[in-house]
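Quick note: the sequence shown, position 617, residue 616 per numbering that gives the first Met the number 0, numbers continuous. Glycine included, every Cβ here is placed at the ideal spot set by N, Cα and C.
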Amino acid sequence: MTDNALRARVADLRRRVAQRRSDLQAAYPVGGPASLLRDWGRTVNDALRQVWQMLEMPPDWSLTAVGGYGRGELFPYSDVDLLVLLDAPVGPDEQPLLDRFVGTLWDIGLEVGHSVRTVHECLEAARSDITVQTNLLESRWLAGNRTLFERFRAAHAAAMDVRLFVQAKRVEQEQRHARLQDAAFSLEPNIKEAPGGLRDLHVVLWMARACGFGSSWPALARAGLLTAAEAALIGRHQRFLQDLRVRLHRLAKRREDRLLFDWQAPLARELGLLDGRGKRASEWLMQRYYRTAKAVNLLNTILLRTFDASFASVHIGRTLAVDDDFVVRDGLLDITADDVFERRPANILRAFLELARHPEARSLSAGALRQLWRARRLIDTAFRRDPQNVATFMAILDHPHAVTHNLRRMNRYDVLGRYLPEFGRIVGQMQHDLFHVYTVDEHILMVLRNVRRFAQAEFSHEYPLCSRLMAEFERPALIYIAALYHDIAKGRGGDHSTLGALDVRRFCRRHGVNRNDTRLIEFLVDRHLLMSATAQKQDLADPAVIASFCAQVPDERALTALYLLTVADIRGTSPKVWNAWKGKLLEDLYRLSLRHLRGERGDGGGWTQSRQIEAENILRLYALDAEANRGFWATLEPEYFMRHEPGDIAWHARALYGKTANPEPVVRARLSPIGEGLQVLVYSPERDDLFARCSGFFERAGYSIVEARLHTTRRRYNLFVFLVLDPARNNSSYRDVINLIEHELRATLVSAEPLPPPLQGRISRRVKHFPISPEISLRGGDNPQYRILTVIAADRPGLLSRMAQVLLQHGVAVHSAKINTLRERAEDSFLVSGEELANAHHVARLESDLAQAIAVI
């Protein structure tokens, strides 16, 4: 064939392949995913065979489909995995032909992943790489030498060690699950690789095929590994996941396996889902996905343990009889008969209690797990009211071991949501608040885990104060219950805290919790946001703020429990939300409130004197003139000493020693004593634009301001103290960073240039798809001199600069700022003053200008 003729045929084939892909996608979902995968696979089969023939490939070579293509699951934009099988290594005169073949496949529009091996090389590669061995397990002949292919198949089957293969696939899955565990119930899951995704189903079928049980769900049912109903159920879950993956490829017009925010709403529309009952259509879609993933993950666990059991015909571990119904065998809790749960439904919860009582049992055996899963339907109203079951559930919470593990198991095995129907309603529910990164049920269990870690000695180094307080708390289970219920009413409409408090009151009544403990748990659920909001948005140096907070807290016991729950809750929203600054704020609020509740009500003068004395003791180590420091301190208001620790006051005095009358700005920085970020001191003759210039500088330098405190001396100097964080959290060269900040920020303040415009940063995809309306509140505080400005908005680069410049334009002075960034959500609070803030019309213009400046365009 001439080159021109070949090019014409390749161009024609490319058009036909593209047209066929387009036609199949246009016709979808007629026939469902199985039909599309089959028809697209046949199209690719035909195209490959035509190219093989067109190029007159050597007759002793064999073209083989492997991987997903080999098993007949070729999604619209997936790679086409091929093996060119040879009798002998490819020679130098044959390499150009091979290259031409692969290049032609790309020319016709196929994305190809290929390998070229002899039979011996295939066996060697399979022996050393489980991924290669798995791909070859699903090999399928396409063209060329079929005898060579059959010889390869026979050699591969003979060389496979089934036991080692099953063990290797289990380890591989465990590693994948560990790597992607947080992604399983994240808001943008990978439907192929995450736990509960398609890959978990593939693993089961690979093992079944290697063990000789077949390669389909009906085949596994015939082999006795599944019932017919279970095979049908797992088939439905597989079709749902395949359908989502097909639709993702269609929407993205490329290989895409992640349920990104960009695709969730379009997918929901395609599936005919509508907004309703307080949820968006996309949230209904994602809840179905999460529940499917949970079911797939559970079925995967049951079947993998069944495979393990098939290789363990002889029990090699110690057998320990628990009672007539349970036994610990080979490190697993097993049942003595298949009808243990059917005959006595109370054993459903007892199984988890026995796991706590017998730490040598890692989990449930395959048989126990299968029978428990089948018996879960027995959890009904009568089951929930049974005093024995109520007592068992409370015993699980009160047990010193495995509380988190057991509640996670109960959720995973569909027991927790059936025993607590209010929990069942939030299983798989998304949270589009821009800072939670887990579904509601996963967040709740993460918070429970965090509280539980406070009670375990091996984690006492993480949060020493929390661990000490938990060790002194008389019944940790009360906080566990509050953790279970604190967000349980999410998605119902209304105040989830109030609704959750009603739910937990009913729980306590049903579970025999006494009146005092019930009141505590109700308080924790109803006011679980109180401590966080106070610490992160209000001025803790103001005694009135502490008094107002304490007026809402019943007693020291409630304060301690609320502190522990709050720390656990913030840490459970996202790995990126917690930082040392928030920890310090919460600890400060806890300690100040504890003193207040105990009647230790020091006044401003007392604070001033005691902190000056402590600061002087520190300064004596540096041989600085005490009178000079006292002279400087005399120019500051008492609130300065209330807002700063003695160590900070001493550092300010050292940094400004001999410079308090400087006409030029003084800038000093150091590593923050809280262990994260930098403290930056700015001292300058009084100026209105100080906050705006500093905030703009830090944003351009890539630092996030989390707190700012401004004081004006009686000599008309501004003293501004910032706490800034480096998002990269890289303080390895902090000396250079400190020198750079001191030099560059001073140059910025000395400059007579106009304020530069705020950064025009890109908004995140999450903000784009789930925007929040800005909320602006300006209200009076306990101190009549100041007002409190609160702003809630979608975070993005330049946000703080925009607000600072608007405040400057309106003649509003900033005295302190708390910049609370929760992933893509900013909740900022400012203590401000200004002559025009008493004018309602001026305030309305200010709020309007702020809203316009921070709106997401």
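*What's the call for N661, buried or exposed, on a 16-neighbour Cβ count within 10 Å?*
By 1-based counting over the sequence shown, the position of residue 661 is 662. Counting Cβ neighbours within 10 Å, N661 comes out exposed, since fewer than 16 surround it.
*Quick one: using the 10 Å Cβ neighbour count with 16 as the cut-off for buried, is T318 buried or exposed?*
Along the sequence shown, read from residue 1 onward, the residue named residue 318 stands at position 319. Answer is exposed; the Cβ neighbour count stays below 16.
*Please state if the CB of A280 and the CB of A267 are separated by a distance shorter than 7 Å.*
As a working mapping, residue 267 is identified with position 268 in the sequence shown. As a working mapping, residue 280 is identified with position 281 in the sequence shown. Taking C-beta atoms as the reference points, A267 and A280 count as a pair closer than 7 Å.
*Exposed or buried, A751, counting other C-beta atoms within 10 Å across all chains shown (16 or more means buried)?*
Within the sequence shown, numbered from 1, the residue matching residue 751 stands at position 752. Counting of Cβ neighbours within 10 angstroms places A751 among the exposed residues, the total staying below 16.
*Could you check if I301 is buried or exposed, using at least 16 other CB atoms within 10 Å of its CB as the buried criterion?*
Sequence index remark: in the sequence shown, residue 301 carries index 302 (1-based). By the beta-carbon neighbour count (other beta carbons within 10 angstroms, threshold 16), I301 is buried.
*Every unbroken alpha helix (DSSP H) within the stretch 121-151, with a cutoff of 4 residues, ordered by chain*: Fully enclosed alpha helix (DSSP H) runs of no fewer than 4 residues occupy 129-136 of the stretch 121-151, in order along the chain.
*Looking only at its own chain, which residues have a Cβ that is under 7 Å from the Cβ of E269, when we skip the five neighbours before and after it?*
In the sequence shown, the residue the question calls residue 269 occupies position 270. Sequence-distant Cβ neighbours of E269 in its own chain, meaning closer than 7 Å and more than five residues away, are R246.
*Between the Cα of V115 and the Cα atoms of L136, P88 and N738, which residue gives the shortest distance?*
Counting from 1 along the sequence shown, the entry for residue 115 is found at position 116. Among L136, P88 and N738, the Cα nearest to that of V115 belongs to P88.
_Beta carbon of M530 nearer than 7 Å to that of L561_ = Indexing the sequence shown from 1 puts residue 530 at position 531. Indexing the sequence shown from 1 puts residue 561 at position 562. With contacts defined by Cβ atoms closer than 7 Å, M530 and L561 form a contacting pair.
_Sequence-distant residues of its chain with Cβ nearer than 8 Å to P358 (five each side left out)_ = Counted from its first residue, the sequence shown places residue 358 at position 359. So the qualifying residues of the chain are H400 and A401.
*asked:* Could you give the first and the last residue of the continuous beta strand (DSSP E) run that contains A793?
replied: Position 794 of the sequence shown, counted from the start, is the residue given in the question as residue 793. Its beta strand (DSSP E) spans residues R786 to A793.
_Which residue marks the beginning of the beta strand (DSSP E) containing T820, and which one marks its end?_
For the purposes of this step, residue 820 is taken as the residue at position 821 of the sequence shown. Boundaries of the beta strand (DSSP E) around T820: A812 to L821.
*List the residues that DSSP assigns as beta-bridge partners of Q678.*
Translated into the one-based positions of the sequence shown, residue 678 becomes position 679. Answer by DSSP bridge pairing, in chain order: R669 and L722.
_Euclidean distance between Cα positions of L232 and L197_ = In the sequence shown, counting from the first residue as 1, residue 232 sits at position 233. In the sequence shown, counting from the first residue as 1, residue 197 sits at position 198. Distance between the alpha carbons of L232 and L197 is about 14 Å.
*If you follow the beta strand (DSSP E) that E72 is part of, which residue opens it and which one closes it?*
As a first step, residue 72 is located in the sequence shown; it is residue number 73 there, counting from the start. From DSSP, E72 is part of no beta strand (DSSP E); its letter is neither H nor E.
*N- and C-terminal bounds of the beta strand (DSSP E) containing E774*: For the purposes of this step, residue 774 is identified with residue 775 of the sequence shown, where counting begins at 1. Counting along the chain, the beta strand (DSSP E) containing E774 begins and ends at E774 to G779.
*Thinking just about the alpha-carbon of each residue, which of L620, Y621 and A625 is nearest to the one in Q611?*
In the sequence shown, counting from the first residue as 1, residue 611 sits at position 612. The residue with the shortest Cα to Cα distance from Q611 is A625.
*Per DSSP, what kind of secondary structure is F696 in: helix, strand or coil?*
In the sequence shown, residue 696 corresponds to position 697, counting from 1. DSSP, read as helix, strand or coil, puts F696 in helix.
_Enclosing beta strand (DSSP E) for R116 [first to last residue]_ = Within the sequence shown, residue 116 is the residue found at index 117, counting from 1. Start and end: V111 to T117.
*For the candidate residues K168, L821, W140 and L303, whose alpha-carbon lies nearest to that of R570?*
Along the sequence shown, read from residue 1 onward, the residue named residue 570 stands at position 571. For the residues K168, L821, W140 and L303, the minimum Cα distance to R570 belongs to L821.
*Euclidean distance between Cα positions of Y418 and L363*: Position 419 of the sequence shown, counted from the first residue, corresponds to residue 418. Position 364 of the sequence shown, counted from the first residue, corresponds to residue 363. The alpha-carbon of Y418 is positioned some 19 Å away from that of L363.
*Whose CA, out of R642, A177, K658 and P664, lies closest to the CA of A707?*
For the purposes of this step, residue 707 is taken as the residue at position 708 of the sequence shown. A707 has its Cα closest to that of R642, out of R642, A177, K658 and P664.
*W65 vs D80 beta-carbon contact at 7 Å*: In the sequence shown, counting from the first residue as 1, residue 65 sits at position 66. In the sequence shown, counting from the first residue as 1, residue 80 sits at position 81. Note that residue 65 is Val in the sequence shown here, rather than Trp. Cβ atoms of V65 and D80: closer than 7 Å.
*For my contact list, L754 and G695 are in at a C-beta cut-off of 8 Å; report their separation, rounded to the angstrom.*
If you number the sequence shown from 1, residue 754 lands on position 755. If you number the sequence shown from 1, residue 695 lands on position 696. Correct: roughly 7 Å between the Cβ atoms.
*Taking 7 Å as the cut-off, decide whether the C-beta atoms of L523 and L588 are in contact.*
Indexing the sequence shown from 1 puts residue 523 at position 524. Indexing the sequence shown from 1 puts residue 588 at position 589. L588 sits away from L523, with the two beta carbons spaced by 7 Å or more.
_At the level of alpha carbons, what is the spacing between H442 and L415?_
Numbered from 1 along the sequence shown, position 443 holds the residue referred to as residue 442. Numbered from 1 along the sequence shown, position 416 holds the residue referred to as residue 415. Here the alpha carbon of H442 sits roughly 15 Å from the alpha carbon of L415.
*Give the DSSP-derived three-state secondary structure of P542 in the structure shown.*
For the purposes of this step, residue 542 is taken as residue 543 along the sequence shown, with counting starting at 1. DSSP places P542 in helix when its eight states are reduced to three.
*Length-filtered (4 minimum) alpha helix (DSSP H) runs lying within the stretch 245-296*: You should have 260-269.
*If you compare alpha carbons, which of E192, G223 and G195 is closest to A207?*
As a working note, residue 207 is residue 208 in the sequence shown. The residue among E192, G223 and G195 with its C-alpha nearest the C-alpha of A207 is G223.
*If we ignore side chains and look at the alpha-carbon of each, how far apart do I107 and W51 end up?*
Along the sequence shown, read from residue 1 onward, the residue named residue 107 stands at position 108. Along the sequence shown, read from residue 1 onward, the residue named residue 51 stands at position 52. If I take the Cα positions, the gap works out to 13 Å.
_Please state the DSSP three-state secondary structure of V65._
Taking the sequence shown and counting its residues from 1, the one referred to as residue 65 is at position 66. Note: V65 maps to coil in three-state DSSP.
*asked:* Once DSSP output is grouped into helix, strand and coil, what is the label at D735?
replied: Translated into the one-based positions of the sequence shown, residue 735 becomes position 736. D735 falls in the helix class under three-state DSSP.
*To the nearest angstrom, how far is it from the Cα of A557 to the Cα of R384?*
Here residue 557 refers to the residue found at position 558 when the sequence shown is read from its first residue. Here residue 384 refers to the residue found at position 385 when the sequence shown is read from its first residue. About 29 Å.
_For R761, the first and last residue of its enclosing alpha helix (DSSP H)_ = Taking the sequence shown and counting its residues from 1, one reaches residue 761 at position 762. Careful: R761 lies outside any alpha helix (DSSP H) and carries neither H nor E.
*Is the stretch 762-769 touching the stretch 799-814, taking contact as three or more C-beta pairs under 8 Å?*
The count of Cβ pairs closer than 8 Å, one atom from the stretch 762-769 and one from the stretch 799-814, stays below three, leaving the stretches out of contact.
*Among A125, V111 and E110, nearest to T117 - alpha-carbon criterion*: In the sequence shown, residue 117 corresponds to position 118, counting from 1. Out of A125, V111 and E110, the CA that lies nearest to the CA of T117 is found in A125.
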